[in-house]
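The working numbering puts the first residue of the sequence shown at 99, with every later residue one more than the last.
Yeah, the Cβ is synthetic: ideal placement off N, Cα and C, and Gly gets one too.
What follows is a single structure, written as structure tokens, with notes after it.
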Amino acid sequence: MFGFLVPVAHAITDCKPGEGTEGIDLGNCLRLSNDSAIKDVYSEPAFLVNLIVRNAFVAAGVILFLMIFLAGFKFVSQGKKGMEEAKNISKSVLIGAILMFCAYWIVQIVQLLTGVDVGL
């Protein structure tokens with residue numbers, strides 16, 4: 099059923115494990131959608147990690163907003179039972195927001211102490 103994927107995946111790279119070096123240099127072997135090597139776009143692993151962390155904070159913020167919206171909806175629409183559920187959701191959102199805030203500032207402090215540009 100998914101046989102058409104295998105030739106495409108093998109056609110993307112001609113890297114062979116163990117040819118002249120130890121293992122595979124994934125920066126050369128893996129390709130992005132525009133057929134450029136990952137090594138050309140992300141010269142250091144830190145660039146890719148910064149991109150992932152930055153987007154994780156944005157995604158977490160959107161999820162927190164949706165959770166607050168859900169808690170408000172339950173509070174308004176479901177009476178006593180909804181009030182309890184909304185209270186529990188609100189507690190979870192508050193804990194998540196505090197954790198995000200702390201994580202952000204820990205990263206900022208590490209950046210200040212080490213001088214490494216984290217990109218947040």
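Asked: Whole-angstrom C-beta distance between residue 191 and residue 157, which should lie under 8 Å; Found: Residue 157 to residue 191, Cβ: 15 Å. No contact.
Asked: Contact under 7 Å by Cβ, residue 162 with residue 194; Found: yes
Asked: Rounded C-alpha distance that separates residue 211 from residue 135; Found: 33 Å
Asked: For residue 202 and residue 145, believed in contact at Cβ under 8 Å, the rounded distance; Found: Rounded, the Cβ-Cβ distance is 19 Å, inconsistent with contact.
Asked: Spatial distance of residue 173 from residue 198 (CA atoms); Found: 25 Å
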